[in-house]
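Below is one structure, written out as structure tokens; comments come after it.
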Amino acid sequence: MKKLMLPLVMGLLCLGQSIQVNAQTAQVQIIHNAPDGLAAVVDIYVNGGATPTLDDFAFRSATPFLTLPAGTQTIGIAPGNSTGPGNILANIPITLVAGETYVVMASGILPDVIVPNNSTLYPGSVAANGANIGFDLKIKTMGQTTGTSTTGTDVLVFHGSTDAPTVDAIAYGKGVAGATIVDNLAYGTYTSAYATLPSQLYTLNVTPAAGTPVVDSFFVDLTPLANGAGVVFASGFLNPAQNSNGPAFGLFVALPNGTVLPLGKIGAAEVQVVHNCADPLAASVDIYVDWVRDSVKLDNVAFRSGTPFVTLPSGYPVSIKIAPATSTSSADAIASFAPTLMNGEGYYAIASGVVGTGFAANPSGVSTAFDVVFIPGAKATAPAGNIDLFVYHGATDAPEVGVAANGGLAVPAFDFKESAGYVSVPAAEYRIDVTAANNAASVIAPFYLDASGLGGNAALALASGFLTPSANNNGPAFGLYALLPSGGNFVALTAVGAARAQVVHNAADPGAATVDVYINTLADTIKLDNFAFRTATPFVNLPSGYPVKVVIAAPTSTGIGNGVIATIPVTAMNAETYHLIANGVLAPASFAVNPDGRSTAFQLVVLPGAKEAAAGTDVDVRVFHGATDAPTVDVIANFNQAAPLVAAAAYGDGTGYLTVPAAAYTLGVTPTGAGNAGAVARYLAPLSGAGGQALAVLASGFLTPSTNQNGLGFGLLAVFADGATLLLDNTTSIDLEQNNGLIRILPNPAGSQFTLEASLDAASPVAVKILDMNGRTVMARETQGVSGFQSWNFDASQLTNGVYFLELTTDKTRSVQKLVVRQ
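Start counting at 1 in the sequence shown, then tack on 61, and there's your number in the numbering used here.
What follows is the structure in structure tokens.
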């Protein structure tokens with residue numbers, strides 16, 4: 062109180078002559094509770110003295126109990142900048158009885174006769190009981206300078222809020238469940254006498270005399286006021302907007318020594334309690350939350366779980382105690398916290414750190430001792446279509462880190478027990494990467510979050526657990542988690558691993574002969590530009606654990622959203638290796654149907670178990686049937702009818718790997734069960750130099766191009782791990798009629814020479830090949846055949862003894878006979 066004590070002493074000196082004349086005195090405490098802005102600071106003159114007894118006496122301040130002469134005294138009220146009694150605005154007489162103790166409350170609005178039209182500034186101030194709200198001194202006898210109980214506090218209440226109705230005041234505390242300490246108190250009046258309350262904690266509800274609704278709630282701590290007394294006064298305007306934006310309603314207590322204390326206004330705060338203490342000793346805890354009127358026990362709260370948002374009182378300390386899961390009461394608590402929450406605020410209360418010993422130190426030197434971190438600003442909702450993520454670093458042994466979302470730096474840097482506030486992003490899929498501080502390119506741990514269904518929600522995102530469990534009592538491993546406003550168990554963000562994949566273009570549709578391929582990993586996009594039919598990539602790195610979008614687009618596309626033909630999600634498994642084969646046709650109705658009734662629609666076939674190399678000097682081969690109009694087939698190697706290399710492969714089927722020696726092979730494609738004699742085509746696979754390699758062989762193209770928009774014809778495509786492709790040499794023509802009865806070998810078995818006889822329907826070029834059992838061509842001749850019977854002599858002296866196949870091909874026929882050489 063500005064310049065209070067010196068004027069008091071001066072005022073008492075001014076009254077010295079009266080005291081000498083009349084030794085009878087009274088005790089008086091003056092409280093300034095007039096909310097009128099023109100009286101915010103006043104000077105008080107007693108009996109017209111030349112100087113103010115109370116100089117610059119401020120609103121909501123009080124004097125100690127003063128000793129004044131008994132009898133009638135004139136109290137003059139002047140502006141705070143008064144220069145003498147000539148500036149007094151109002152003189153109010155009071156009569157003091159010798160030996161009495163008084164409380165004098167300055168209250169109300171300066172009347173229009175003092176300040177013209179002043180009442181028009183306070184249209185909302187009309188006392189409900191019809192009382193005069195003009196400025197006045199409200200006097201109460203039997204004021205108390207001390208208490209009457211060593212364990213209690215004596216309280217007198219005054220209603221000094223001009224626009225508040227007649228009220229009740231109801232107290233709640235331990236052992237006091239709704240005691241009415243003020244009943245039907247009207248503006249300008251005191252309670253009839255002091256009430257003695259136990260010196261403890263209370264909440265006080267001020268209500269209309271009818272009982273509801275609550276006008277306001279306040280916190281009262283009487284524990285330091287045992288054997289004391291005080292005057293509680295209602296002050297200010299319930300509706301400041303209708304009263305010149307004057308001071309808002311509140312409760313205050315004036316103590317006998319002149320101290321004025323505000324009673325804490327109680328509101329409501331929303332709190333989500335979160336268990337993120339990774340210490341194995343605290344895997345499950347009991348949480349006791351206690352406030353004046355109530356208490357709650359949260360039983361067996363598990364690590365990585367949280368409550369929904371709960372409403373707690375604001376304005377005074379709320380007790381939160383953490384105890385072992387076996388606790389029987391809050392007395393078993395291992396840690397206690399008493400935050401004072403702000404009205405209307407939302408909070409995360411996050412249990413962090415560790416309880417015991419044997420844990421790694423924080424790399425930044427931040428204390429890892431157990432703590433409950435109260436973070437304001439928490440909320441449950443976000444703008445429609447967005448999700449607001451509140452990011453919190455709760456991993457004790459993790460360094461300062463950053464967070465990147467879909468490759469862009471979202472949070473540059475924050476340390477253990479620090480939060481980065483809310484990051485508002487569209488509700489979509491995200492790659493959330495924990496990165497080195499201020500370096501989005503240095504990924505420490507990648508994660509995936511599908512927030513596409515969480516629009517309109519806010520959520521807490523937490524780093525949780527230990528980067529190095531072995532150095533932290535084998536506690537839970539590090540991860541990123543989300544907690545929704547509804548509470549419950551944390552939702553684990555998917556840890557992203559690494560996979561390998563080779564992309565192969567085997568879609569024979571002429572409309573997709575060349576395409577652009579985009580692989581959207583969320584954090585990055587791989588573009589395969591002008592990716593042609595029967596070409597392949599090398600094996601590339603792909604993230605695992607979440608859907609990677611493979612977008613097929615027109616070759617003229619300018620971006621991932623331009624000219625899209627198909628979008629296909631692919632979810633890889635960690636450490637797995639794949640073939641991703643684009644296959645099928647874009648408009649199946651415009652192409653021949655598959656003979657086995659299988660769908661020929663464009664697709665991305667995902668074949669796991671791909672290899673990038675073979676063991677040793679062998680060759681690993683897998684086969685994929687990718688010819689839309691071809692039936693189920695066998696693949697026969699080196700004319701071996703007894704054991705097909707691949708049996709009963711239908712369109713869309715892929716095999717595992719077959720390990721074969723590095724050599725040249727003849728691969729016969731034949732309808733299932735038809736054997737070598739029924740082969741529709743044979744291909745030379747020159748694998749002699751492919752030792753140690755792994756490859757895929759794909760049936761590719763159309764058996765009948767004429768019924769498939771004249772797309773490329775059928776063939777076998779070898780795809781190597783480095784992305785090289787080889788269309789295997791067709792040693793026959795699949796369009797030729799097979800007619801083995803047209804040729805004869807004499808003698809057979811042959812010695813050093815033999816004769817080949819043939820009968821042709823018409824003149825035609827003739828190609829003759831002799832193939833060994835590995836499918837290698839060991840002898841070849843081309844000549845011009847004539848219509849009718851003819852023969853050719855061959856020198857077999859360079860052939861080793863064994864079994865061979867002789868193949869004669871003309872424009873229209875293909876004939877194969879076994880040749881045995883015995884020299």
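Yeah, the Cβ is synthetic: ideal placement off N, Cα and C, and Gly gets one too.
### Query
Rounded to whole angstroms, how far is the Cβ of Gly367 from the Cβ of Ser413, which I believe are closer than 8 Å?
In the sequence shown, counting from the first residue as 1, residue 367 sits at position 306. In the sequence shown, counting from the first residue as 1, residue 413 sits at position 352. Not confirmed; about 13 Å, so no contact.
### Message
Could you compute how far the alpha carbon of Gly438 sits from the alpha carbon of Leu171?
### Response
For the purposes of this step, residue 438 is taken as residue 377 along the sequence shown, with counting starting at 1. For the purposes of this step, residue 171 is taken as residue 110 along the sequence shown, with counting starting at 1. Cα-Cα distance, rounded: 42 Å.
#### Entry: Val565 beta carbon less than 8 Å from that of Val780
As a position in the sequence shown, residue 780 is number 719, starting the count at 1. As a position in the sequence shown, residue 565 is number 504, starting the count at 1. Closer than 8 Å, so yes.
### Message
Out of Cys338, Phe280, Asn602, which one is the CA nearest neighbour of Gly328?
### Response
Here residue 328 is taken as the residue at index 267 of the sequence shown, counted from 1. Nearest neighbour of Gly328 by Cα position, chosen from Cys338, Phe280, Asn602, turns out to be Phe280.
### Query
Per DSSP, Gly558 is paired with what?
Reading the sequence shown from its first residue, position 497 is the one you call residue 558. Ser605, per the DSSP bridge assignment.
### Query
Can at least three beta-carbon pairs, one atom from the stretch 427-445 and one from the stretch 354-365, be found at a separation below 8 Å?
no
### Task
Going by DSSP, name the residue or residues bridged to Glu161.
Position 100 of the sequence shown, counting from 1, holds the residue named residue 161. Note: Glu161 sits in no beta bridge, so no partner.
### Message
Extract the residue ranges of the beta strand (DSSP E) inside the stretch 229-283, only unbroken runs of 3 or more that lie entirely within it.
### Response
As far as the stretch 229-283 is concerned, its whole beta strand (DSSP E) runs of at least 3 residues are 237-246, 256-259, 262-269, 277-282.
### Query
If Ala760 sits next to Ala691, beta carbons under 8 Å apart, how far is it from one beta carbon to the other, in whole angstroms?
Taking the sequence shown and counting its residues from 1, one reaches residue 760 at position 699. Taking the sequence shown and counting its residues from 1, one reaches residue 691 at position 630. Contact holds; Cβ gap of about 6 Å.
### Task
Can you tell me which of the three DSSP states Lys879 falls into?
Within the sequence shown, the letter at position 818 stands for residue 879. Note: Lys879 maps to strand in three-state DSSP.
### Task
Compute the beta-carbon to beta-carbon distance between Gly645 and Phe663, rounded to the nearest angstrom, for a pair I have assumed lies under 8 Å.
The count along the sequence shown starts at 1 and reaches residue 645 at position 584. The count along the sequence shown starts at 1 and reaches residue 663 at position 602. Confirmed, Cβ separation roughly 4 Å.
### Query
Does the count of Cβ pairs from the stretch 317-336 and the stretch 114-128 closer than 8 Å reach three?
yes
### Cα-Cα separation between Gln205 and Ser375, rounded to whole angstroms
Here the question's residue 205 lines up with position 144 in the sequence shown. Here the question's residue 375 lines up with position 314 in the sequence shown. Cα-Cα distance, rounded: 32 Å.
### Task
Please check the pair Phe431 and Val415, which I expect to be a contact at CB under 8 Å, by giving their CB distance rounded to whole angstroms.
Locating residue 431 in the sequence shown gives position 370, counting from the first residue. Locating residue 415 in the sequence shown gives position 354, counting from the first residue. Confirmed, Cβ separation roughly 6 Å.
#### Entry: Pairwise C-alpha distance: Thr418 and Ala512
Residue numbering aside, residue 512 sits at position 451 when the sequence shown is read from its first letter. Residue numbering aside, residue 418 sits at position 357 when the sequence shown is read from its first letter. Taking the straight line joining both Cα atoms gives about 38 Å.
### Query
Taking the alpha-carbon positions, what's the Lys588 to Ala568 distance?
Your numbering for residue 588 matches position 527 in the sequence shown. Your numbering for residue 568 matches position 507 in the sequence shown. Using only the alpha carbons, I get a separation of about 18 Å.
### Query
Do you know whose CA, among Val684, Asp714, Ala723, Ala396, lies nearest Leu706's CA?
Against the sequence shown, residue 706 aligns to sequence position 645. Considering only alpha carbons, the answer is Val684.
### Query
Expressed to the nearest angstrom, what Euclidean distance is found between the alpha-carbon atoms of Val552 and Ala543?
Residue 552 sits at position 491 when you count from the first residue of the sequence shown. Residue 543 sits at position 482 when you count from the first residue of the sequence shown. The alpha-carbon atoms of Val552 and Ala543 are separated by roughly 5 Å.
#### Entry: Of the residues Ala421, Asn447, Phe508, the one placed nearest Pro460, counting alpha carbons only
Taking the sequence shown and counting its residues from 1, the one referred to as residue 460 is at position 399. Among Ala421, Asn447, Phe508, the Cα nearest to that of Pro460 is on Ala421.
### Message
Tell me the DSSP secondary structure of Pro29 in three-state form.
### Response
Given that the chain is displayed from residue 62 to residue 884, the structure contains no residue 29 and the question cannot be resolved.
#### Entry: Cβ neighbours of Thr678 in the same chain (closer than 7 Å, five flanking residues each side left out)
Position 617 of the sequence shown, counted from the first residue, corresponds to residue 678. If we look at Thr678 and ignore the five residues flanking it on each side, its Cβ neighbours are Ala723, Gly752, Gly753.
### Message
Closer than 8 Å is the cut-off here; do at least three beta carbon pairs connect the stretch 178-186 with the stretch 286-294?
### Response
no
#### Entry: Chain-order list of residues whose beta-carbon lies under 7 Å from that of Asp783 (same chain, five-residue window excluded)
If you number the sequence shown from 1, residue 783 lands on position 722. Taken in chain order, the residues that qualify are Pro599.
### Query
If you pair each beta-carbon of the stretch 334-345 with each one of the stretch 399-411, do three or more pairs fall below 8 Å?
yes
### Query
Between Ala501 and Ala465, is the Cβ-Cβ spacing less than 8 Å?
On the sequence shown, position 440 is the one that residue 501 refers to. On the sequence shown, position 404 is the one that residue 465 refers to. Going by C-beta atoms, Ala501 is nearer than 8 Å to Ala465.
### Task
Tell whether a beta-carbon distance below 8 Å holds between Gly812 and Arg883.
For the purposes of this step, residue 812 is taken as the residue at position 751 of the sequence shown. For the purposes of this step, residue 883 is taken as the residue at position 822 of the sequence shown. A contact, by the Cβ cut-off of 8 Å.
### Query
Which whole runs of the beta strand (DSSP E) in the stretch 409-475 are 3 residues long or more, in chain order?
The stretch 409-475 contains these whole beta strand (DSSP E) runs: 432-437, 447-454, 462-466, 469-475.
### Message
Helix, strand or coil for Asn518? Go by DSSP, reduced to three states.
### Response
Residue numbering aside, residue 518 sits at position 457 when the sequence shown is read from its first letter. Of the three classes helix, strand and coil, the one that applies to Asn518 here is strand, per DSSP.
### Message
Tell me the DSSP secondary structure of Leu182 in three-state form.
### Response
Your numbering for residue 182 matches position 121 in the sequence shown. If DSSP states are grouped into helix, strand and coil, Leu182 belongs with the helices.
### Query
In whole angstroms, what is the alpha-carbon distance linking Ile795 and Ala676?
Stepping through the sequence shown from its first residue, residue 795 is reached at position 734. Stepping through the sequence shown from its first residue, residue 676 is reached at position 615. Only weak support exists for where Ile795 lies, its pLDDT of 43 falling under 50; the value from the coordinates is given anyway. Rounded to whole angstroms, Ile795 to Ala676 spans 35 Å at the Cα level.
### Query
How would you call Phe866, buried or exposed, if buried means at least 16 neighbouring beta carbons within 10 angstroms?
Indexing the sequence shown from 1 puts residue 866 at position 805. By the neighbour-count rule (16 or more Cβ atoms within 10 Å), Phe866 is buried.
### Query
How far does the beta strand (DSSP E) with Asp765 in it reach, from first residue to last?
Here residue 765 is taken as the residue at index 704 of the sequence shown, counted from 1. Correcting the residue identity first, residue 765 is Thr in this sequence and not Asp. That residue, Thr765, is in no beta strand (DSSP E); it is neither H nor E in DSSP.
### Message
Can you check which of these residues, Ala488, Gly468, Lys478, is closest to Val495 by C-alpha distance?
### Response
Start at 1 with the first residue of the sequence shown, and residue 495 comes out as number 434. Out of Ala488, Gly468, Lys478, Gly468 has the C-alpha closest to the C-alpha of Val495.
### Integer Cβ distance of Val905 from Ile642, believed to fall under 8 Å
There is no way to answer for residue 905, as the model of the chain reaches only from 62 to 884.
### Query
How would you label Pro444, buried or exposed, when you count the other beta carbons within 10 angstroms and need 16 or more for buried?
As a first step, residue 444 must be located in the sequence shown, where it is residue number 383. Flag for Pro444 reads exposed.
### Task
For Asn518, count neighbouring C-beta atoms within 10 Å of its own C-beta (all shown protein chains included) and say buried if the count is 16 or more, exposed if not.
Within the sequence shown, residue 518 is the residue found at index 457, counting from 1. So Asn518 ends up on the buried side.
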